[in-house]
Structures are given as structure tokens and as C-alpha cells.
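Enquirer:
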Amino acid sequence: MEDSRAPGKSISLETDRLILRARRVSDAAVLRELWTERDPRVPPRRQIDSDGRPTIEDIEDQIRSSSRELNLLTVERRVFGDVIGYCGLIDTVRGSDGEPELAFEFLRRTWSQGYATEASWAVLHWAQSSGYRRLWATVRDWNGASRRVMAKLEFVETARVEADEIHGDLLFTTKEL
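Quick note on numbering: full-length UniProt numbering labels position 160 of the sequence shown as 160, and the sequence is numbered without any gaps.
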């Protein structure tokens, strides 16, 4: 059986309202828009810098150079065919070896419509069917909306917290699959 977690394997997931697929260069403008909408409390490495970076071209280059392994999938609405954000798994040093982190981000105009929860459930089901046993997710203490999504997905807050007086404490959550 082919390992669906192997690099080079293109993943596409579907829900009633969404299509989650590999990123395309044509997604760069929307992905940059996400950068412009971020809360000012987000750490500087995830903000547009004083030189206006990342630019759309920077994001296009990053997409071109990334491998096709499951990473962050672009999320499209089926009815409109528009890109509204991303959701997927990322490798981090936060969890144990082989335990990736769930990550998502959506355009503000699509908030409070259940898209983050719906897309995340699709990724969780894929992760479980692919043999993952546990996932991690981190969220800033001030991010009530993402904390509610984590609760709906049945992630459990751990005792692990990275204190950050400037950007807000980073809470670690986990989910057994």
C-alpha cells in the first residue's frame, strides 16, 4: 500500500462545503492577504515587515520551491470556487517525533461560518486514516476563536505553556486520534 504521508503524494480532501488541495502559485495573493489581516499581537516573524515582505512574489517563490508532501492545504469554497485560507499539518519541534501540528488560517470575511472546524475535521480524519496517533496544536491565549475551534475538535489543553508577555502566552493542545 502506498504511504499517503510520503513526499510527492498530492493530497486532496473534500467536505460538503470545502475542497482542501495542494497550494498553487495562483493562491499567493490570497495567502498574502492573510498576512495583512493578522492581529498585531502576532509575533513579527509572522507579520509583514517594514520592507513589505513577504510580497506576493515571495509567496509564489515559496510555493514553487515547496515539496508536494502534506503540508498546509489551500481551502476553497465549493459553491464559489474562491480560496479562503489554509488548513493542514506542519512538522514542528513542539510535539513528539512523528506528531505534527494542526494549523489553519482563514480570511476574516469568512470567520464565524464553521469553515475552520469543517476543514480541520477533514484533516483530522485524513491524519487518522494515514496512521497518525496524536496531533498537536498551539494557540495564543488571547485567540478565543481558535481556542473554540480547538475545543470543538476535542483538542485538550496541556500544562505546557510558552510564556510571552508581548505576544500572549502560547498554549499547547493535543488530540489522540
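Ideal Cβ placement from N, Cα and C applies to all residues, glycine included.
(1) What do you get for P7, buried or exposed, if any count of 16 or more other CB atoms within 10 angstroms of its CB means buried?
(2) Return helix, strand or coil for R46, following the three-state DSSP convention.
(3) Give the list of continuous beta strand (DSSP E) stretches no shorter than 3 residues that lie fully inside the UniProt domain "N-acetyltransferase" (18 to 176).
(4) In angstroms with no decimal places, state the Cα-to-Cα distance between E154 and E60.
(5) In whole angstroms, what is the alpha-carbon distance linking G52 and L177?
(6) Can you confirm whether the stretch 113 to 121 touches the stretch 18 to 36 when touching is taken to mean that 3 or more C-beta pairs between the two stretches lie within less than 8 Å?
(7) Which one of P44, L72, L31 has the shortest CA to CA distance from H167?
(8) Kindly list the residues whose CB is nearer than 7 Å to the CB of T36, restricted to its own chain and excluding five residues on each side of it in sequence; keep chain order.
(9) As a quick exercise: from T138, V42, E162, E165, pick the residue whose alpha carbon is nearest that of D91.
(10) Taking buried to mean at least 16 other C-beta atoms within 10 Å of its own C-beta, is R160 buried or exposed?
(11) Less than 8 Å separating the beta-carbons of A103 and L72?
Expert: Taking the structure as given:
(1) Because the pLDDT at P7 is just 42, under 50, the model does not fix this residue reliably, and the value given afterwards should be weighed accordingly. With fewer than 16 other CB atoms across the displayed protein chains lying within 10 angstroms of its CB, P7 is exposed.
(2) If DSSP states are grouped into helix, strand and coil, R46 belongs with the helices.
(3) Taking only runs of at least 3 residues, the beta strand (DSSP E) segments lying wholly in the UniProt domain "N-acetyltransferase" (18 to 176) are 18 to 21, 72 to 77, 83 to 90, 101 to 106, 134 to 140, 156 to 162, 170 to 176.
(4) Using only the alpha carbons, I get a separation of about 34 Å.
(5) L177 has its alpha-carbon roughly 40 Å from the corresponding atom of G52.
(6) Between the stretch 18 to 36 and the stretch 113 to 121, the count of Cβ pairs shorter than 8 Å is three or higher; the stretches touch.
(7) Out of P44, L72, L31, the CA that lies nearest to the CA of H167 is found in P44.
(8) Taken in chain order, the residues that qualify are I48.
(9) Nearest C-alpha to D91: T138.
(10) Exposed, since its Cβ has fewer than 16 Cβ neighbours within 10 Å.
(11) Result yes, Cβ atoms of A103 and L72 sit closer than 8 Å.
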